[in-house]
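Undergrad: Protein sequences appear in the order of chains A and B.
The numbering of the first sequence is the numbering used here, which starts it at 127 and goes up by one.
The numbering of the second sequence is the numbering used here, which starts it at 127 and goes up by one.
Protein chains: 2
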Amino acid sequence: MCQLNARMGGMSEVAAISEREWEVWRTFYGMRRQLDRAIEQQLQEDAGISRPEFEILLALWEAPQKRLRSREIAELIGWEKSRISHQVSRMEARGLVERTECDSDLRGIWVGLTPDGRRAVLGASRKHALKVRELFFDALDAEQLDAVLEISKRVLGSIDAPACDIVAQQAQHAQDGNSEGNSEAERRDSNEAAQRA
Amino acid sequence: MCQLNARMGGMSEVAAISEREWEVWRTFYGMRRQLDRAIEQQLQEDAGISRPEFEILLALWEAPQKRLRSREIAELIGWEKSRISHQVSRMEARGLVERTECDSDLRGIWVGLTPDGRRAVLGASRKHALKVRELFFDALDAEQLDAVLEISKRVLGSIDAPACDIVAQQAQHAQDGNSEGNSEAERRDSNEAAQRA
DNA sequence: CGCCTATTGGTGATGTGTCAACTAAACGCT
DNA sequence: AGCGTTTAGTTGACACATCACCAATAGGCG
Numbered sequence: 127m128c129q130l131n132a133r134m135g136g137m138s139e140v141a142a143i144s145e146r147e148w149e150v151w152r153t154f155y156g157m158r159r160q161l162d163r164a165i166e167q168q169l170q171e172d173a174g175i176s177r178p179e180f181e182i183l184l185a186l187w188e189a190p191q192k193r194l195r196s197r198e199i200a201e202l203i204g205w206e207k208s209r210i211s212h213q214v215s216r217m218e219a220r221g222l223v224e225r226t227e228c229d230s231d232l233r234g235i236w237v238g239l240t241p242d243g244r245r246a247v248l249g250a251s252r253k254h255a256l257k258v259r260e261l262f263f264d265a266l267d268a269e270q271l272d273a274v275l276e277i278s279k280r281v282l283g284s285i286d287a288p289a290c291d292i293v294a295q296q297a298q299h300a301q302d303g304n305s306e307g308n309s310e311a312e313r314r315d316s317n318e319a320a321q322r323a
Numbered sequence: 127m128c129q130l131n132a133r134m135g136g137m138s139e140v141a142a143i144s145e146r147e148w149e150v151w152r153t154f155y156g157m158r159r160q161l162d163r164a165i166e167q168q169l170q171e172d173a174g175i176s177r178p179e180f181e182i183l184l185a186l187w188e189a190p191q192k193r194l195r196s197r198e199i200a201e202l203i204g205w206e207k208s209r210i211s212h213q214v215s216r217m218e219a220r221g222l223v224e225r226t227e228c229d230s231d232l233r234g235i236w237v238g239l240t241p242d243g244r245r246a247v248l249g250a251s252r253k254h255a256l257k258v259r260e261l262f263f264d265a266l267d268a269e270q271l272d273a274v275l276e277i278s279k280r281v282l283g284s285i286d287a288p289a290c291d292i293v294a295q296q297a298q299h300a301q302d303g304n305s306e307g308n309s310e311a312e313r314r315d316s317n318e319a320a321q322r323a
């Protein structure tokens, strides 16, 4: 689709990426990495769990009955089912969660928290929120936060746009503020309720 | 270190993270993920390689003699040595790179490109740069690019600051523009020369 | 009912990433 | 030369992530 990329000559130069741009790209990637590392480290120190483990535990913690079907977890945190399965297996072996059969659907299982799992999520949540605030929100002013949101939406838009961009780009300028019904953009990445821990 | 976090009462509220903030955080994380996925997909389609493979290949391609010592690769792309070793082993098995002994240092080895490796990096580089431009740089205006850089630096600053932030924060405002001699912030993440492919 | 398809979840293989422990060569110092 | 320390690189164990495939049940429809 969108075969007319060659419009407006000089396409070959369009590709050129300046030194300045690469600096942005590199710094951005470095930031991502360091941020992940710091978060991971905090979880490890405060609760002895990894980020993936925390995501599962938090999803379960927030569930009304403190238990969820595999499929529900997958939808909530945006993973694919086999990843859930593997992760839950490891966590079951570690004693953080437990699987129990589901009466109403013989195919299904409930994933629930064990006491250790409860302890872990309680121990991690508050300090996790503190860490995220310290490293991310406190480092940026209100204007920059807006910018992060806007930039993220723009990039997300450019990804699922059909790549024939000019039109899409304009459309995006138009909608701008209102959140996009984007495929996976709505994924809730952990947290939300970490503060009420 | 920095035990005086409790200064300026209401600390418990300082931790609270608003719904708006979580939206920013989620969207930011979603963007990161989708971006990675898109880049990975492009490399896979255009050259049948993964991003880690591309990083190694590109480092070698850019090297004066098209070969590097393991340690040099590690410094260039900011990985630890064992990761290099594992990755090179896999790539050697796939025929993308080759290891040869090093005369001047009997402990060391040279990692060089095979013909297949050359083909792969040539096939990937140009389109990689195009993709990054399409998804990232073209989606943002100049002001936003500046913002990405500034925001990344701020967050990086907050990470390696001793966490006792107010002073560090100010110090950072002061230096602001000049790049920080930060630990790993100087990592060059792939690319640079993708355009001369 | 009996068949067909979709859904739920698991498995194994492979690749990625980190950590700790290891070998061996190089280096530095007396 | 001898000896402890650094440095280069590997290895094995483990966790994470994705893919392709599989088994069993659920649910619809004749």
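For every residue, glycine included, the Cβ atom is placed at its ideal position computed from N, Cα and C.
Does Arg158(B) have its Cβ less than 9 Å from a Cβ in chain A?
TA: On the second sequence, residue 158(B) is found 32 positions in, with the first residue counted as 1. Output row for Arg158(B): interface = yes.
Undergrad: How is the alpha helix (DSSP H) around Leu183(A) delimited, first residue to last?
TA: For the purposes of this step, residue 183(A) is taken as residue 57 along the first sequence, with counting starting at 1. Arg177 to Glu188 is the span of the alpha helix (DSSP H), which, as asked, contains Leu183(A).
Undergrad: Counting only C-beta atoms, is Ile143(A) closer than 9 Å to chain B at any point?
TA: Position 17 of the first sequence, counted from the first residue, corresponds to residue 143(A). At least one chain B Cβ lies under 9 Å of Ile143(A).
Undergrad: Does the beta carbon of Gln213(B) come closer than 9 Å to any beta carbon on chain A?
TA: Translated into the one-based positions of the second sequence, residue 213(B) becomes position 87. Chain A, which has no Cβ nearer than 9 Å to the Cβ of Gln213(B), makes this no.
Undergrad: Do the stretch 243-263 of chain B and the stretch 173-187 of chain B meet, that is, are 3 or more Cβ pairs less than 8 Å apart?
TA: The stretch 243-263 of chain B is in contact with the stretch 173-187 of chain B.
Undergrad: Our contact map puts Val223(B) next to Gly238(B) with C-beta atoms below 8 Å; I'd like the distance itself, whole angstroms only.
TA: For the purposes of this step, residue 223(B) is taken as the residue at position 97 of the second sequence. For the purposes of this step, residue 238(B) is taken as the residue at position 112 of the second sequence. Indeed they touch by this definition, with Cβ atoms about 7 Å apart.
Undergrad: I'd like the span of the alpha helix (DSSP H) that includes Gly204(B), first residue to last.
TA: In the second sequence, residue 204(B) corresponds to position 78, counting from 1. Here Gly204(B) belongs to no alpha helix (DSSP H), and DSSP marks it neither H nor E.
Undergrad: Counting only the same chain and skipping the five closest in sequence on each side, list residues whose C-beta sits under 8 Å from that of Ile165(A).
TA: Locating residue 165(A) in the first sequence gives position 39, counting from the first residue. Excluding residues within five positions, the ones whose Cβ falls inside 8 Å are Arg177, His254, Lys257, Val258 and Leu261.
Undergrad: Closest by CA to Thr226(B), which one among Gly156(B), Glu149(B), Ser196(B) and Gly283(B)?
TA: By one-based count along the second sequence, residue 226(B) stands at place 100. Cα-wise, what sits closest to Thr226(B) is Ser196(B).
Undergrad: Can you check whether the C-beta of Trp187(B) is within less than 9 Å of a C-beta belonging to chain A?
TA: Taking the second sequence and counting its residues from 1, the one referred to as residue 187(B) is at position 61. Taking Cβ atoms only, chain A never reaches closer than 9 Å to Trp187(B), which makes this a no.
Undergrad: For Ser284(B), collect the residues of the same chain with a Cβ closer than 6 Å to its Cβ; drop the 5 residues on either side in sequence, then sort them by chain order.
TA: Along the second sequence, one-based indexing puts residue 284(B) at 158. Here the set comprises nothing.
Undergrad: Assign Gly307(A) to one of three DSSP states: helix, strand, or coil.
TA: Taking the first sequence and counting its residues from 1, one reaches residue 307(A) at position 181. Note that Gly307(A) has pLDDT 39, beneath the 50 cutoff, so the model's placement of it is unreliable and no number is given.
Undergrad: Would you grab the beta carbon distance between Trp236(A) and Arg209(A) for me? Rounded to a whole angstrom, and I think it's under 8 Å.
TA: Numbered from 1 along the first sequence, position 110 holds the residue referred to as residue 236(A). Numbered from 1 along the first sequence, position 83 holds the residue referred to as residue 209(A). Not a contact, Cβ separation roughly 18 Å.
Undergrad: Report the start-end ranges of each alpha helix (DSSP H) in the stretch 203-262 of chain A that is 4 residues or longer and not cut off at the edges.
TA: Those alpha helix (DSSP H) runs which fall completely within the stretch 203-262 of chain A and span 4+ residues are 207-220 and 241-258.
Undergrad: Does the stretch 149-156 of chain B come into contact with the stretch 261-281 of chain A, if we say contact requires no fewer than three beta-carbon pairs (one atom in each stretch) closer than 8 Å?
TA: At 8 Å Cβ cutoff, the stretches touch.
Undergrad: Along the chain, where does the beta strand (DSSP E) containing Leu266(A) start, and where does it finish?
TA: For this step, residue 266(A) is matched to residue 140 along the first sequence. That residue, Leu266(A), is in no beta strand (DSSP E); it is neither H nor E in DSSP.
Undergrad: Please classify Lys207(A): is it buried, with 16 or more other beta-carbons within 10 angstroms of its beta-carbon, or exposed?
TA: In the first sequence, counting from the first residue as 1, residue 207(A) sits at position 81. Result: exposed.
Undergrad: Cutting at 8 Å between CB atoms, please list the residues of its own chain near Gln170(B), excluding the five before and the five after it.
TA: For the purposes of this step, residue 170(B) is identified with residue 44 of the second sequence, where counting begins at 1. Cβ within range, chain order: Ser176.
Undergrad: Tell me which residues of the stretch 246-279 of chain B have at least one Cβ-Cβ distance to chain A shorter than 8 Å, keeping chain order.
TA: The residues in question are Arg252, Ala255, Leu256, Val258, Arg259, Glu260, Leu261, Phe262, Phe263, Asp264, Ala265, Leu266, Gln270, Leu271, Ala273, Val274, Leu275, Glu276, Ile277, Ser278 and Lys279.
Undergrad: Could you tell me the distance, in whole angstroms, from the CA atom of Trp205(B) to the CA atom of Arg159(B)?
TA: The count along the second sequence starts at 1 and reaches residue 205(B) at position 79. The count along the second sequence starts at 1 and reaches residue 159(B) at position 33. So the alpha carbons of these two residues sit roughly 20 Å apart.
Undergrad: Counting C-beta neighbours from all protein chains within 10 Å, is the total for Arg163(A) 16 or more, i.e. buried, or is it exposed?
TA: The sequence position of residue 163(A) within the first sequence is 37, counting from 1. Counting Cβ neighbours within 10 Å, Arg163(A) comes out exposed, since fewer than 16 surround it.
Undergrad: Tell me, please, whether the CB atom of Ser284(B) is closer than 9 Å to any CB atom in chain A?
TA: Against the second sequence, residue 284(B) aligns to sequence position 158. Interface residue, yes.
Undergrad: Between the alpha carbons of Ile179(B) and Cys228(A), how many angstroms are there, rounded?
TA: The count along the second sequence starts at 1 and reaches residue 179(B) at position 53. The count along the first sequence starts at 1 and reaches residue 228(A) at position 102. Checking the sequence shown, residue 179(B) turns out to be Glu, not Ile. Their backbone Cα atoms lie some 43 Å apart in a straight line.
Undergrad: Can you give the Cα-Cα distance for Gln167(B) and Met157(B), rounded to whole angstroms?
TA: Your numbering for residue 167(B) matches position 41 in the second sequence. Your numbering for residue 157(B) matches position 31 in the second sequence. Distance between the alpha carbons of Gln167(B) and Met157(B): 15 Å.
Undergrad: Buried or exposed: Glu269(B), going by 16 or more other Cβ atoms within 10 Å of its Cβ?
TA: By 1-based counting over the second sequence, the position of residue 269(B) is 143. Burial call: exposed.
Undergrad: For Ala142(B), count the other beta carbons within 10 Å of its own beta carbon; 16 or more makes it buried, fewer makes it exposed. Which is it?
TA: Along the second sequence, one-based indexing puts residue 142(B) at 16. Ala142(B) comes out exposed.
Undergrad: Would you give the residue range spanned by the alpha helix (DSSP H) that Gly156(A) belongs to?
TA: The sequence position of residue 156(A) within the first sequence is 30, counting from 1. Here the alpha helix (DSSP H) through Gly156(A) covers Glu145 to Ala173.
Undergrad: Could you pull the DSSP bridge partners for Arg193(A) from this structure?
TA: Sequence index remark: in the first sequence, residue 193(A) carries index 67 (1-based). DSSP, once it has assigned bridges, lists Gly238(A) as partnering Arg193(A).
Undergrad: Between Phe263(A), Ala287(A), Glu198(A) and Leu232(A), which has its C-alpha nearest Arg146(B)'s C-alpha?
TA: Numbered from 1 along the second sequence, position 20 holds the residue referred to as residue 146(B). Minimum Cα distance to Arg146(B) is reached at Phe263(A).
Undergrad: What residues of chain B sit near Val150(A), judged by a beta carbon separation below 7 Å?
TA: Along the first sequence, one-based indexing puts residue 150(A) at 24. Going along chain B in sequence order, the residues near Val150(A) (Cβ under 7 Å) are Leu271, Val274 and Leu275.
Undergrad: What does Glu206(A) touch in chain B if you count any residue whose Cβ is under 9 Å from its own?
TA: In the first sequence, residue 206(A) corresponds to position 80, counting from 1. By Cβ distance, chain B contributes nothing, its closest Cβ being about 12 Å from Glu206(A), past 9 Å.
Undergrad: Report buried or exposed for Leu161(A), applying the criterion of at least 16 other Cβ atoms within 10 angstroms of its Cβ.
TA: For the purposes of this step, residue 161(A) is taken as residue 35 along the first sequence, with counting starting at 1. The residue in question, Leu161(A), is buried, as its Cβ has 16 or more Cβ neighbours within 10 Å.
Undergrad: In chain B, what lies closer than 7 Å to Phe154(A) by C-beta?
TA: Along the first sequence, read from residue 1 onward, the residue named residue 154(A) stands at position 28. Ordered by position in chain B, the residues that pass the 7 Å Cβ test against Phe154(A) are Val274 and Ser278.
Undergrad: In angstroms with no decimal places, state the Cα-to-Cα distance between His212(B) and Met217(A).
TA: As a working note, residue 212(B) is residue 86 in the second sequence. As a working note, residue 217(A) is residue 91 in the first sequence. In a straight line, the C-alpha of His212(B) is about 26 Å away from that of Met217(A).
Undergrad: Note down, in chain order, every chain B residue with its Cβ under 7 Å from the Cβ of Leu161(A).
TA: Sequence index remark: in the first sequence, residue 161(A) carries index 35 (1-based). Those within 7 Å of Leu161(A) in chain B are Val281 and Ile285.
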